[in-house]
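Each protein sequence line maps, in turn, to chains A and B.
The first sequence begins at 1 in our numbering and counts up by one.
The second sequence begins at 402 in our numbering and counts up by one.
Even for Gly, the Cβ is constructed at its ideal location relative to N, Cα and C.
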Amino acid sequence: MPEHPPVKDFATDFDHTDPVWVKNPYPIWDDLREHCPVAHSDRYGGAWLPTRHSDVSAIAHDTDHFTSRTVVVGPGRPGEDALPAPIGVAPPITSDPPFHAHARRLMQPVFAPKQVDLLEPFVRELCAKLLDPFKGKDAIDASVDYAEHIPVAVIAKMLGFPEQDGDLFRHFVHEILESVDLPVEERMDRFQPIADYFIARIEEHQAEPKDDLTSFLLEAELAGEPLAPEHIFGTMVLLIVAGIDTTWSAIGSSIWHLAQHPEEVARLKANPELLPTAIEEFLRAYAPVTMARLVKEDFDYEGCPMKKDDWILLSFPAANRDPEFFEDADKVIIDREVNRHAAFGLGIHRCLGSNLARMEMRVALEEWLARVDTFSLADPDAVTWSQGQVRGPRLLPLSLG
Amino acid sequence: MKVAIDAEKCQGHGRCFALAPALFDSDDLGQGVVIGDGTVPEDQHDAARLAQQNCPEYAISITE
């Protein structure tokens with residue numbers, strides 16, 4: 001990972017990998033929203049950070065001036081060659097209109113609510129299996145021993161990867177997630193074993209089609225043509241990058257919150273029908289995902305002289321804490337009824353897997369509340385948070401009982 | 402009271418059919434659709450307002 005000098009002023013030199021931001025970004029965003037609502041930094045080759053809901057929404061909806069060609073801020077300005085349009089490395093998240101609509105439409109049925117419902121028994125059984133060994137223990141890690149495993153197993157199952165490859169697949173997931181901000185060449189080196197593994201699974205599916213997402217992608221057509229191999233591979237990578245540490249973070253942050261609020265745990269245990277409302281509030285207050293855009297051509301956005309290929313760090317989590325948009329934005333209110341949050345993004349790139357993520361969160365928390373009696377943070381300072389554009393607890397040691 | 406979804410604005414966040422399942426459903430793509438002609442029975446007025454107030458894309462309209 002490249003070294004980053006410490007940030008002295010987030011309004012002129014922000015860096016989302018700075019330890020201060022990683023530990024607790026909310027005061028930074030609150031301050032920027034008030035004093036410098038679209039901050040600028042020369043880091044990463046030049047980047048802008050809107051923190052008001054109105055600006056985040058405007059930019060997310062403006063595909064004329066901003067491209068999704070790459071959605072993870074890299075070490076410098078992106079090269080044209082490394083990120084081919086219109087598919088991009090991980091369609092449809094890295095695709096722009098008009099290709100985006102076709103690539104997205106293809107995947108939408110897979111993640112439609114009625115399809116997601118079919119996976120619920122699998123997730124419930126998985127959560128029960130993960131929680132069983134907690135019985136009689138007085139210390140566990142809710143991230144390492146629980147939250148992480150859930151989306152990993154779900155994505156592996158959706159892709160039809162062998163169950164016995166669970167540990168290997170988890171290793172690949174870490175390799176991919178931890179390499180997203182490395183230079184392209186280094187990332188490619190790390191990718192090779194993963195690519196080899198995926199290609200082997202693709203070949204198995206070609207020889208013997210199955211009822212899973214890998215076979216679905218192999219059989220899918222766009223405009224009468226089979227998907228390009230890089231489109232299939234890119235979509236598989238997307239499922240891992242977008243579908244795993246995101247949900248794992250959302251589950252982890254929810255448990256982290258509840259571990260500090262036994263009165264809310266008691267309320268949710270007594271009124272389980274409140275859980276979906278509480279989950280929306282956890283999604284608002286602890287939204288895990290920040291996206292990125294690139295400025296298409298030089299233009300002036302609300303007095304900000306944006307240059308072609310400047311990064312926009314599109315912080316849905318900051319938008320979700322905007323007091324102009326949410327009453328008591330800084331408070332976590334588990335029965336907040338009106339909650340127009342943007343945790344899954346806004347506009348055409350609304351998280352394709354949001355129905356799946358919500359189901360995983362609900363089942364994970366239902367099973368947790370049903371099976372874990374009392375829990376609290378073992379040591380608040382021992383909790384560690386991920387660095388980068390996905391925020392969630394990575395070590396979450398809890399005391400049980 | 403009647404509800405409608407602006408299909409141009411809807412991005413399939415799914416809040417409407419979660420909060421007011423008697424009034425909204427999802428199609429095969431997961432986009433929100435109005436059930437029937439969108440007429441809201443008396444006992445569903447609150448649910449209709451809740452769905453409207455929770456749509457992140459402001460895609461739901463209510464006519465009284």
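Proximity test, Cβ basis, 8 Å: residue i and chain A
i	result
B/A419	yes
B/G415	yes
B/E409	no
B/Q445	no
B/I406	no
B/S462	no
Below-8 Å beta-carbon distance, residue i vs any chain B residue
i	result
A/M1	Any reading at A/M1 must be qualified, since the residue scores a pLDDT of 46, below 50, and its modelled position is unreliable; no value is offered.
A/I348	yes
A/N355	yes
A/V7	no
A/P272	no
A/H53	no
A/R105	yes
A/P276	yes
Proximal residues of chain A, C-beta to C-beta of residue i below 7 Å
i	result
B/D429	P109 and A112
Coil, strand or helix - residue i by DSSP
i	result
A/F66	strand
B/G433	strand
B/A408	coil
A/M1	With a pLDDT of 46 at A/M1, under the threshold of 50, the modelled position of this residue cannot be trusted; read the value that follows with caution. Coil.
A/F316	helix
A/L396	coil
A/I194	helix
A/P121	helix
A/V38	strand
A/R77	coil
A/P229	helix
A/I199	helix
B/S462	strand
A/I87	coil
A/L294	strand
A/P188	Here the sequence assigns Met to residue 188 of chain A, which means Pro is not the residue at that position. Helix, per DSSP.
A/L222	strand
A/T384	strand
B/L424	coil
A/F10	helix
A/V363	helix
A/L283	helix
A/T374	coil
A/P272	helix
B/F418	helix
A/P113	helix
A/A139	strand
A/L49	strand
B/K403	strand
A/C304	strand
Within chain B, partners of residue i - CB distance below 8 Å
i	result
A/V338	L451, Q454 and N455
9 Å Cβ cut-off: residues of chain B touching residue i
i	result
A/P380	In chain order: nothing, as chain B lies at least about 32 Å away.
Contact with chain E by residue i, beta-carbon distance below 8 Å
i	result
A/A342	Going by chain labels, chain E is absent from the structure shown, which instead holds the protein chains A and B.
Neighbour list for residue i in chain A, Cβ cutoff strictly below 8 Å
i	result
B/E465	Under the 8 Å cutoff, chain A gives no residues; its nearest Cβ is about 19 Å from B/E465.
| message | Whether or not the region 294-311 of chain A and the region 65-74 of chain A are in contact is what I'm after, with contact meaning three or more pairs of Cβ atoms, one per stretch, closer than 8 Å; do they touch? | response | yes
| request: Would you check if the region 90-103 of chain A and the region 325-335 of chain A touch, i.e. whether three or more CB-CB distances between them fall below 8 Å? | output: no
| message | Contact between the region 235-254 of chain A and the region 273-287 of chain A is defined here as three or more beta-carbon pairs at a separation below 8 Å; is this criterion met? | response | yes
| query | Between the region 317-332 of chain A and the region 12-30 of chain A, are three or more C-beta pairs nearer than 8 Å? | reply | yes
| field | Validate contact between the region 446-454 of chain B and the region 406-423 of chain B using beta carbons, cut 8 Å, 3 pairs | value | yes
| Counting Cβ pairs closer than 8 Å, one from the region 193-207 of chain A and one from the region 224-236 of chain A, do we hit at least three? | yes
| field | the region 239-247 of chain A touching the region 171-178 of chain A, judged by at least three CB pairs closer than 8 Å | value | yes
| Contact between the region 427-443 of chain B and the region 356-367 of chain A (3+ Cβ pairs under 8 Å) | no
| query | Taking one C-beta from the region 377-394 of chain A and one from the region 407-417 of chain B each time, how about it: are there three or more such pairs within less than 8 Å? | reply | no
| Just checking, does the region 296-315 of chain A make contact with the region 46-62 of chain A on the three C-beta pairs under 8 Å criterion? | yes
| query | Does the region 342-352 of chain A come close enough to the region 93-104 of chain A that 3 or more CB-CB pairs lie under 8 Å? | reply | yes
| request: Taking 8 Å as the threshold, find out whether the region 256-268 of chain A comes into contact with the region 373-380 of chain A through three or more Cβ pairs. | output: yes
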